[in-house]
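There are 2 protein chains.
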Amino acid sequence: MLKVPNHQVAGHKAGDGKLGPLVDDSGRFYKPLQGNDRGSNELTFYTSFSSNTRIPDHIRRFFPKFYGTQLVEASDGSGLQPHLVLQDLNFGRVNPSIMDIKIGSRTWAPQALEDYIQKCLKKDRETSSLPIGFRLSGFQIYQNRELGFWKPERTSFQSLSADEVKLFLRKFVSSNTSANLDLQPDCSFASIVYGGSTGILSQLLELKAWFEDQTIYHFYSCSILIMYEKDFVSNGKIPCAEIKLIDFAHVYEGKGVIDHNFLGGLCSLIKFVSEIITTPDECTTEASPKDIQKNQIYFENGTS
Amino acid sequence: MLKVPNHQVAGHKAGDGKLGPLVDDSGRFYKPLQGNDRGSNELTFYTSFSSNTRIPDHIRRFFPKFYGTQLVEASDGSGLQPHLVLQDLNFGRVNPSIMDIKIGSRTWAPQALEDYIQKCLKKDRETSSLPIGFRLSGFQIYQNRELGFWKPERTSFQSLSADEVKLFLRKFVSSNTSANLDLQPDCSFASIVYGGSTGILSQLLELKAWFEDQTIYHFYSCSILIMYEKDFVSNGKIPCAEIKLIDFAHVYEGKGVIDHNFLGGLCSLIKFVSEIITTPDECTTEASPKDIQKNQIYFENGTS
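Residue numbers (the working numbering), protein chains in the order written: chain A, 12 to 315; chain B, 12 to 315.
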């Protein structure tokens, strides 16, 4: 029996008669094949990537597993429709804290259609993509059993300044993230989630080394998901911190050139994360917590 | 006595009543302060950079020395005009082979004026800047005493494909670069000029490490000059291969963010140079030498 995913933080959502992805209870994620070029482009990517023997295993693990395509009952009631069958990245997770970070100062390929380029360029300039090299595209932090998740609305955190982005990245690994935005994030989980030999920074650096070399694909408008379990850390268990790349509707052939646009954005994200690990106590001076009070839109309950 | 530089490969040139840079016989380069914001912006950069104690010496050596400003007789006959006084990067060189490579897929800052942004964006899309992350902006190769320099016209090599760019970068370190474009470049100087512990690649990697960390400046429309003496290599001497950054009229404050745009382009250039070192014999299959015959415009004699 397919159902709407619990922890989708960005993208089209199923429910209320709308078309969106579904999950089953065996760890698979069903993403509707978009009717325009995007669907076929994403299918082309997954097909190419899954059979490409030049992708090392330590890089392949950063991508969702691909199980082909399947006709399933679409969430909008339109009957059987083709879906990409992918790994459900939240399968087995309990109360995941998740960031969806769209990488690159440019979300459009040189060969894209002019209308699409102009639309993307406008958004890249209006958001933090152009100045910072990435933008937050989805965000949920688990607070605790009583308060559930803090899940600010997407439009409210895409155009942040560098200091505001840093504040969000700090809140993501803080024990005191809550509805009370006057609290400075304590970053008490920074060293265990972002740092360490298997932490987020280490994974980002592995990905970076591959991007410095690979000239197979250029990833436009692709996101890095960062996920971990805050409850596990609080209870002294490993945080299951991991990164995954998602959204490949705008992947093109690299044709012998590295993906300098993705790499630049990735290096910028790495710099932000590194700084939080090395100076977790540093208070941001320019962005006050109150400045982003406007970003706090609604809360929803956790699943436990 | 000031004179017109012998080896300027890009930018406004003095002579024929036009305003351009001049050099003296003591190793100084006089660059007219452009009347618009660019001149004052470049002066601001040099003033800030030269007094900034956070710039390590191994990075400072990649920038021209700055000696302040001075009123000198302008090359266009307009009388005494303010000039930046800089290090003449070709002082002491005999027959330098030089590439001017404008770094970054985007040559405009987010805060630039709209007209300027649109002009730059158009050019970035028309040239190799957008797809490759940099574009050749100046190019001269010393051939030998008889043939002098091969100096194709700028407009002819800015919109190259990746394979064509690689061909130019290979020709730059070949002994058989000549008017005869049917010859495949032999890359016989690749290991000594690009490679080695003090070669171009090593210098580019030092610069890259700094750009992964520094958030002081963002360099838009800035070039890396790559220079060496082909005659020296042919005679078994050291090639005096070095990189220098030039053109800082569009440098802005980094404000806590790395220069992901410059860094991405730099990493792309590094990948091209690395591939030539590791596979100097590889023939480019997609770009035939005849394809760029159109680029060969004129020759001038060497200085020895």
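Using N, Cα and C, we set each Cβ at its ideal position, and we do this for glycine too.
Consider the Cβ of Glu223 (chain B): report whether some Cβ of chain A lies at a distance smaller than 7 Å.
-> True, the Cβ-Cβ gap to chain A drops below 7 Å.
Is it true that the CB of Asp111 (chain B) sits closer than 7 Å to the CB of Leu236 (chain B)?
-> Contact flag set, yes.
Distance between Glu286 (chain B) and Asp292 (chain B) (C-alpha atoms, nearest Å) = Using only the alpha carbons, I get a separation of about 10 Å.
Measuring CB to CB, does Lys248 (chain B) end up less than 7 Å from Tyr153 (chain B)?
-> Between Lys248 (chain B) and Tyr153 (chain B), the C-beta gap is not smaller than 7 Å, which leaves the two residues out of contact.
By DSSP, does Ser61 (chain B) sit in helix, in strand, or in coil?
-> The answer is helix: DSSP assigns Ser61 (chain B) an H, G or I state.
Hey, which unbroken runs of the alpha helix (DSSP H) at 4 residues or more fall wholly within the segment 157–197 of chain A?
-> 173–182, all fully within the segment 157–197 of chain A.
Name the chain A residues whose beta carbon is nearer than 7 Å to that of Ala173 (chain B)?
-> In chain order: Lys266, Gly267, Val268.
Return yes when the Cβ of Phe74 (chain A) is within less than 7 Å of the Cβ of Leu280 (chain A), no when it is not.
-> Contact: no.
For Leu30 (chain A), which three-state DSSP category applies?
-> Coil, per DSSP.
Could one say the Cβ of Leu180 (chain A) lies closer than 7 Å to chain B's Cβ atoms, at least one of them?
-> Between Leu180 (chain A) and chain B, the shortest Cβ-Cβ separation is not below 7 Å.
Of the residues A:Leu97, A:Glu223, A:Pro142, which one's Cα is nearest the Cα of Tyr57 (chain A)?
-> That would be A:Leu97, whose Cα lies nearest to the Cα of Tyr57 (chain A).
Are Pro43 (chain A) and Gln81 (chain A) closer than 7 Å when you measure CB to CB?
-> Contact check for Pro43 (chain A) against Gln81 (chain A) fails: the beta carbons are separated by 7 Å or more.
Between Arg165 (chain B) and Ile288 (chain B), what straight-line distance do the alpha-carbon atoms span, to the nearest angstrom?
-> If you draw a straight line from the Cα of Arg165 (chain B) to the Cα of Ile288 (chain B), it is about 26 Å long.
Helix, strand or coil for Val284 (chain A) per DSSP?
-> In this structure, DSSP gives Val284 (chain A) a helical state, which the three-state scheme calls helix.
What in chain A is Cβ-close to Arg136 (chain B), meaning under 8 Å?
-> Among the residues of chain A, those whose CB is under 8 Å from the CB of Arg136 (chain B) are Pro121, following chain order.
Can you name the residues of chain A whose CB is closer than 8 Å to the CB of Gly88 (chain B)?
-> Ordered by position in chain A, no residue passes the 8 Å Cβ test against Gly88 (chain B), which lies about 43 Å from the chain.
What are the residues that DSSP puts in a beta bridge with Gly149 (chain A)?
-> For Gly149 (chain A), the beta-bridge partners assigned by DSSP are A:Asp111.
Provide the residue(s) that pair with His94 (chain A) in DSSP beta bridges, ordered along the chain.
-> Looking at the DSSP assignment, His94 (chain A) forms a beta bridge with A:Pro43, A:Gln81.
Can you round the beta-carbon distance between Val204 (chain A) and Val244 (chain A) to whole angstroms, since I take them to be within the 8 Å contact cut?
-> Right, the Cβ-Cβ distance comes to about 7 Å (below 8 Å), so this counts as a contact.
For His23 (chain B), is the classification buried or exposed, using 16 other Cβ atoms within 10 angstroms of its Cβ as the cut-off for buried?
-> His23 (chain B) should be labelled exposed.
Compute the Euclidean distance between the alpha carbons of Ile184 (chain A) and Leu100 (chain A), then round it to the nearest angstrom.
-> At residue 184 (chain A) the sequence reads Val, which differs from the Ile that was named. Cα to Cα, the separation comes out at about 20 Å.
Endpoints, the beta strand (DSSP E) within which Lys255 (chain A) is located | That run of the beta strand (DSSP E) goes 253–257.
Helix, strand or coil for Tyr231 (chain A) per DSSP?
-> Coil at Tyr231 (chain A), not helix or strand.
When you compare only the Cα positions, how much space is there between Cys251 (chain A) and Val105 (chain A)?
-> Each residue's CA atom was taken as its position, placing Cys251 (chain A) and Val105 (chain A) some 11 Å apart.
Give a yes or no on whether the minimum CB-CB distance between Gly103 (chain B) and chain A is below 7 Å.
-> In terms of beta-carbon proximity, Gly103 (chain B) stays away from the interface with chain A, with every pair separated by 7 Å or more.
Assess, as a yes-or-no matter, whether the segment 130–148 of chain B is touched by the segment 268–280 of chain B under the definition of 3 or more beta carbon pairs within less than 8 Å.
-> A contact is defined here as three or more CB-CB pairs under 8 Å, and the segment 268–280 of chain B meets this definition with respect to the segment 130–148 of chain B.
With 7 Å set as the bound, which would you pick, yes or no: does the beta-carbon of Ser279 (chain B) sit closer than that to a beta-carbon of chain A?
-> At least one CB atom of chain A sits nearer than 7 Å to the CB of Ser279 (chain B).
Quick one: is Ile288 (chain A) near chain B, going by C-beta distance under 7 Å?
-> Not an interface residue.
Taking Ile70 (chain A) as the reference, which of A:Lys266, A:Leu218, A:Asp258 has the closest Cα?
-> Across the set A:Lys266, A:Leu218, A:Asp258, the C-alpha of A:Leu218 shows the shortest separation from the C-alpha of Ile70 (chain A).
With distances taken from CA atoms, which of A:Gly206, A:Cys198, A:Val15 is nearest Asp27 (chain A)?
-> If we check each option's Cα against that of Asp27 (chain A), A:Val15 comes out closest.
Along the chain, where does the alpha helix (DSSP H) that runs through Val244 (chain A) open and close?
-> Membership of Val244 (chain A) in the alpha helix (DSSP H) is indicated by the continuous run 241–245.
Starting from Tyr127 (chain B), trace the alpha helix (DSSP H) both ways and give me its first and last residue.
-> Its alpha helix (DSSP H) spans residues 125–137.
Opposite Leu236 (chain B) in the DSSP bridges: which residues?
-> Answer by DSSP bridge pairing, in chain order: B:Asp111, B:Lys255.
Cross-strand partners of Asn155 (chain B) (DSSP beta bridge) = Paired residue(s): B:Gly159.
Taking only beta-carbon atoms, is Ile143 (chain A) less than 7 Å away from chain B?
-> In terms of beta-carbon proximity, Ile143 (chain A) lines the interface with chain B, with at least one pair separated by less than 7 Å.
Three-state secondary structure assigned by DSSP to Lys248 (chain A) | In the structure shown, Lys248 (chain A) sits in coil (DSSP, three-state: anything other than H, G, I, E or B).
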